[in-house]
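Student: Heads up: the sequence lines are chains A and B, in that order.
As numbered in this note's numbering, the first sequence has no gaps in its residue numbers, which increase by one up to the final residue, 636.
As numbered in this note's numbering, the second sequence has no gaps in its residue numbers, which increase by one up to the final residue, 1636.
Every residue gets a Cβ at the ideal spot worked out from N, C-alpha and C, and that includes glycine.
Got a structure here, written out as structure tokens. Questions coming.
There are 2 protein chains.
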Amino acid sequence: MSSSKTIRRLEVSSPVPADIDIANAVEPLLISEIAESLGLRPEHYDLYGKYKAKVLLSVLDELKKSEDGYYVVVGGITPTPLGEGKSTTTVGLCQALGAFLDKKVVTCIRQPSQGPTFGIKGGAAGGGYSQVIPMDEFNLHLTGDIHAITAANNLLAAAVDTRIFHEASQSDKALFNRLCPPNKQGQRSFADIMFRRLKKLGISKSNPDDLTPEEVKKFVRLDIDPDSITWRRVMDINDRFLRKITVGQGPEEKGMVRETGFDISVASEIMAVLALTTSLSDMRERLGRMVIGNSKSGEPITADDLGIGGALTVLMKDAIHPTLMQTLEGTPVLVHAGPFANIAHGNSSIVADKIAIKLVGKGGFVITEAGFGADIGTEKFMNIKSRYSGLTPQCAIVVATIRALKMHGGGPEVVAGRPLDHAYLNENVALVEAGCVNLVRHITNTKLYGVNVVVAINKFATDTDAEMNAVRNAALAAGAFDAVVCTHHAHGGKGAVDLGLAVQRACESHSKPLKFLYPLDLSIKEKIEAIAKSYGATGVEYSEQAEKQIEVYIKQGFSDLPICMAKTQYSFSHIPAQKGAPEGFVLPIRDVRASIGAGFIYPLVGTMSTMPGLPTRPCFFDIDIDITSGKVLGLS
Amino acid sequence: MSSSKTIRRLEVSSPVPADIDIANAVEPLLISEIAESLGLRPEHYDLYGKYKAKVLLSVLDELKKSEDGYYVVVGGITPTPLGEGKSTTTVGLCQALGAFLDKKVVTCIRQPSQGPTFGIKGGAAGGGYSQVIPMDEFNLHLTGDIHAITAANNLLAAAVDTRIFHEASQSDKALFNRLCPPNKQGQRSFADIMFRRLKKLGISKSNPDDLTPEEVKKFVRLDIDPDSITWRRVMDINDRFLRKITVGQGPEEKGMVRETGFDISVASEIMAVLALTTSLSDMRERLGRMVIGNSKSGEPITADDLGIGGALTVLMKDAIHPTLMQTLEGTPVLVHAGPFANIAHGNSSIVADKIAIKLVGKGGFVITEAGFGADIGTEKFMNIKSRYSGLTPQCAIVVATIRALKMHGGGPEVVAGRPLDHAYLNENVALVEAGCVNLVRHITNTKLYGVNVVVAINKFATDTDAEMNAVRNAALAAGAFDAVVCTHHAHGGKGAVDLGLAVQRACESHSKPLKFLYPLDLSIKEKIEAIAKSYGATGVEYSEQAEKQIEVYIKQGFSDLPICMAKTQYSFSHIPAQKGAPEGFVLPIRDVRASIGAGFIYPLVGTMSTMPGLPTRPCFFDIDIDITSGKVLGLS
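Shown next as structure tokens:
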């Protein structure tokens, strides 16, 4: 496709102003211009206002024969609770490649969860002079994908409880009569979707009237075991009071109460499906085979058994198209899907990466971010996302900060909202050197996938040259392809030019195939143990519940799936306080769950919160609108 | 503004095909062409894909000096559970005015709730050859307004429970320290929004350190009485199991459990605010003064007391702009807001009507629909919506069907999903004549507002000339300006040309000011009684709870608000089975609630469900996507 340039030069101030002030000071380019710079024509996208557009999946058909660009994943060392600037580096690197090194580049990042924007965390559009804009639209509804996920997830949840309710009060005959009602001529027919359940039951009849009473019973009774239901409701709000609730207490529900709860929407399996799907028809199938629980006889019950896989796809039909936005320097960004990395696989969508790789074409760059530390983010990028996408990365970046390395070297605890200890604000090379064990393990682990590893040292104003040299030496000694200091937060793309050049060399000199950490045909336990070993564990300990669930999944035929560890992001191990590169521990598996539609088994290592709460003074106190200009105030 | 024509001629088939087939057979015009036909330039709207656009409120400033078009409200007689084609008539009339009578016209209708689309009801885009298209986009996410309402409503709900939780476990000092934390220099400051609460408390200090301990206590402790909380959570899903739930059962919530429930999103007060607001600044103020419950000492606690009114406005900032769509014949439609008419005021937004009236200009027509029968829909249009908008309608339409009139005349019960009794399929003039008492009372009531009343007889294939003549005679005798048979369902705009001409005459010959049913300075009870009288009631009976609440609202200073009756749509009275024009009954008021932000008091007449359920075989069984074309299948 032909292309045009949309670069915008930034004027930077020092000290760096607040993120929202930087973002509001720049007039974004029309998104149609950004689209044009990628060679997209108006029929390839749908506008959502002036600064966002959904790039239609159909563009992939047209680009089938184009060559692929380079594919770079951005991971990080084990972070402090403040975050080490992984999104910022992803954005800054693209600004460098696009605006200073004259490369075609697309940033692929996750859509942030809206709930935490009003809680503690603030937005996720990068920071300083490396941001996605307009940052309010990025952090708020975007183009409605998470809302669609919430709707689809909760429609399925309502269908589950209501189906149990109707089955409890009706005879087989009454259920059949309602599910396949006779028309005016007295003839019954199956809805198309019902043939999926009939097939599963081994019934090949197409006329409802031919079913035997035994077959009618099998067809109409899902016989869901309420205690087996794993499908929870979701909401994109930090609402801790919904973590555990009892539903069905109204008089019309006749005492059919049940304990359940809400997760935050990005924890929905449907978010994972969106991130891992490869086409509309693939999404239809994945949504249909999502398992909500078991029948009383132990059979998995799917969305298609409930007759709802098609409706869920209809609710998700717009969400499957990634959203095009732009960086502060006018380079293109595709925002799509946002599963959490500690409870799901934590990577943006396959379809966005696939589109981007074709749009940048040969010699161009797609920079995609993996959530949290490389132990969970990059690992899942390789073993789950890349396995499903078939795409091969050439380079993996590990973002490191002096702050986090000092913490790993034994520095005092870093707590969000509390002032930093002086250890983090003054030179301490020994502490940095001690902390490099964490970086080294991330480098070693990442190299095993066959990619070139580039370390990006995200420099803060208080970091010294001696400290940065220590990191660089440790990284190169560990086999990193390069280790580069960058200042994109303070300087925009200009501050990441060296990183861009290193990444370019790393990609151009790469020639190895992608190697996975484990083949899929290992047993569930062997796969878990392979990942645990990469954490530094000597072994794995399964709870009784975990053992039981593994047996269930083997019996149900799900043992060929990849593994998605639900583990804290604050340590290689399961204990957040274990910094550095812990060794010799036994990894405890509390429970094992499955996202059959998304396509992975997820062992729970410790207790992960799937619904955040609001603090005493949430961010929302500062968020308001300027009535005159219509601009959003106080978003951070 | 200049304008161009976008008319599309329909080829109609007989018998009328399924709604989705008619809708899918027509290629919609680009919405930019529809916008251009109204004289809108690209800077006046934001595209949402190719067939939807949000018309920006700022266009009102530019049009301030334009003359107003005619303003017509569409109500109906008391309906059967099947609905009498009010939306269809609203759409068909506009197709007639725009495509056959060469008038500038805008249809203003409500956005349908997405939940019921997957339950029993199907969509709400009109029907037959009078529809809004694309009907799948109309019935599904549209441009995300209801999702924004859900998010804002539930953020407030989470803030309420979390605030009670934090107040319960912290001292005044700890709360103050968190709400107004010292900066690096040790100085505290109030967030802008906190000055609203300080003002309410009569504290005029601007430095937090100047507050006395007593003032600190008043400032930090909302002291919400959990039993007084009227703010519930919402979801746009038919999820009956959420009607009554217990929240806070997780161990971290330390036993702070509470009984509450979910309503469907369109029942949120924020939906009513969206429908009744007149500008961005007005919406900010309304959202801030929404009352969630009382303090233990009986003071109303508002969203601004919680510090969240600004954040709610930010979540609603795009939702305030109405969505432009089109009819099957290419006339423009503004879709905006969708409060239920039985539990809220049931009318589309004021801002959409205001924009439309300026866009059509002098001699043009704005046709806006009021929900359910004229007893609730038109009444609330006049006494609530028009009072807040300041707009004056010239003409009110009352849609009637032979089917519903026969029911009012004593015909057998009409039940959704069951075959119609033969009384409804064969000529029975006597039954029709007997039923006209219902129509006559709607005409008489509506005339009192000073508008010309036109009866639209929505003809079905089985209706006879004699039956229709009976209706026409009764309508004219009751003082209707005209009564016209229309066949827009079968013929599109062509079938409503006579109705269009009658409406034109009614508007052109109108000269009276708008008269309200009651002035605002009557007492709450006198206002309720004025409305009850219009229903045919001889009096009103208040429960103890209702009496108590009325006292509370008087004490809190809310007695000047208009009244929004929450009453069944199936009868003038509170008893759905009382058809025709019941008289001599006493209207029972079970409870009285208030939507202070939206701006009305709503007495509950009987028990209204605010959360629908799913039937044994919901519509979702038939809804799927055609993988090849991407088209939605099975939506009705």
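Buried or exposed: which applies to B/H1422, given that a residue is buried once 16 or more other Cβ atoms fall within 10 Å of its Cβ?
Tutor: exposed
Student: Residues of the stretch 1589–1603 of chain B with a CB closer than 7 Å to any CB of chain A: list them in chain order, please.
Tutor: none
Student: What's the C-alpha gap between A/V366 and A/S389?
Tutor: 14 Å
Student: Once DSSP output is grouped into helix, strand and coil, what is the label at A/K54?
Tutor: strand
Student: For B/V1632, return the contacting residues in chain A, with the cut-off set at a CB-CB distance below 9 Å.
Tutor: Per Cβ cutoff of 9 Å: V314, K317.
Student: In the DSSP assignment, find the beta strand (DSSP E) that holds B/L1448 and state where it starts and stops.
Tutor: Segment: none, B/L1448 is in no beta strand (DSSP E) and carries neither H nor E.
Student: Does the contact criterion of 3 or more C-beta pairs under 8 Å hold for the stretch 1096–1115 of chain B versus the stretch 1418–1434 of chain B?
Tutor: With the cut-off at 8 Å, the stretch 1096–1115 of chain B and the stretch 1418–1434 of chain B do not touch.
Student: Taking a cut of 8 Å between CB atoms, which residues from the stretch 275–302 of chain A lie near chain B?
Tutor: L280, S281, R284
Student: Buried or exposed: which applies to A/Q131, given that a residue is buried once 16 or more other Cβ atoms fall within 10 Å of its Cβ?
Tutor: Counting Cβ neighbours within 10 Å, A/Q131 comes out buried, since at least 16 surround it.
Student: Name, going along the chain, the residues of the stretch 1235–1248 of chain B whose beta-carbon falls closer than 8 Å to a beta-carbon of chain A.
Tutor: M1235, D1236, I1237, N1238, D1239, R1240, F1241, L1242, R1243, K1244, I1245, T1246, V1247, G1248
Student: Thinking C-alpha only, which one of B/V1055, B/I1146, B/Y1553, B/F1516 is nearest B/V1106?
Tutor: Relative to B/V1106, the option among B/V1055, B/I1146, B/Y1553, B/F1516 whose CA is nearest is B/V1055.
Student: Listed from N- to C-terminal order along the chain, which residues in the stretch 96–129 of chain A have their beta-carbon within a distance smaller than 7 Å of any beta-carbon of chain B?
Tutor: Q114, F118
Student: When you check each C-beta in the stretch 1040–1064 of chain B against every C-beta of chain A, which residues fall closer than 7 Å?
Tutor: Hits within the stretch, in order: D1046, L1047, Y1048, G1049, K1050.
Student: Taking C-alpha atoms, which residue in A/S543, A/I524, A/D225 lies nearest to A/G606?
Tutor: That would be A/S543, whose Cα lies nearest to the Cα of A/G606.
Student: Would you kindly work out how many angstroms separate the C-alpha atoms of B/G1580 and B/V1451, rounded to a whole number?
Tutor: 23 Å
Student: Counting only C-beta atoms, is A/N207 closer than 8 Å to chain B at any point?
Tutor: no
Student: Within this structure, are the beta carbons of A/R240 and A/G613 separated by less than 8 Å?
Tutor: Yes. Within cutoff.
Student: Roughly how many whole angstroms lie between the Cα atoms of B/P1116 and B/A1400?
Tutor: 24 Å
Student: Which residue comes first and which comes last in the alpha helix (DSSP H) that contains B/Y1639?
Tutor: The question about residue 1639 of chain B has no answer, for chain B in this structure spans 1001 to 1636.
Student: Could you check whether A/I397 and A/G128 sit closer than 8 Å to each other, using their CB atoms as the reference points?
Tutor: no
Student: DSSP state of A/Q95, grouped into three classes?
Tutor: In the three-state scheme derived from DSSP, where H, G and I count as helix and E and B as strand, A/Q95 is classed as helix.
Student: Does the beta-carbon distance from A/T277 to A/I224 come in below 8 Å?
Tutor: No, they are not a contact pair.
Student: So if DSSP puts A/I589 in a beta bridge, which residue, or which two residues, is it bridged to?
Tutor: A/Y542
Student: Over what stretch of residues does the alpha helix (DSSP H) that includes A/D282 continue unbroken?
Tutor: 280–288
Student: Here's the rule I'm using: 16 or more other beta-carbon atoms within 10 Å means buried, otherwise exposed. How should B/L1315 be labelled?
Tutor: buried
Student: Do the CB positions of B/R1258 and B/N1154 come within less than 8 Å of each other?
Tutor: no
Student: Return the CA-CA distance between A/G288 and B/D1624, expressed in angstroms with no decimal places.
Tutor: 11 Å
Student: Taking one C-beta from the stretch 56–72 of chain A and one from the stretch 1158–1165 of chain B each time, how about it: are there three or more such pairs within less than 8 Å?
Tutor: no
Student: Does the stretch 1550–1564 of chain B come close enough to the stretch 1518–1538 of chain B to have 3 or more Cβ pairs within less than 8 Å?
Tutor: yes
Student: Please say whether A/P582 and A/G536 have beta carbons closer to each other than 8 Å?
Tutor: yes
Student: Kindly list, in the order they appear in chain A, the residues whose Cβ is closer than 9 Å to that of B/Q1170.
Tutor: T616
Student: Counting along the chain, where does the beta strand (DSSP E) carrying A/P603 start and finish?
Tutor: 600–604
Student: I need the straight-line Cα distance from A/V454 to A/V432, nearest angstrom please.
Tutor: Taking the straight line joining both Cα atoms gives about 18 Å.
Student: Among A/G307, A/S228, A/S279, A/T302, whose alpha-carbon lies nearest the alpha-carbon of A/P322?
Tutor: Nearest of A/G307, A/S228, A/S279, A/T302 to A/P322, Cα basis: A/S279.
Student: Buried or exposed: which applies to A/S2, given that a residue is buried once 16 or more other Cβ atoms fall within 10 Å of its Cβ?
Tutor: Residue placement at A/S2 is poorly supported in this model, since its pLDDT is 46, which falls under 50; the coordinates are not used for a value here.
Student: How many Å lie between B/V1266 and B/F1600 at the Cα?
Tutor: Roughly 16 Å between the two C-alpha positions.
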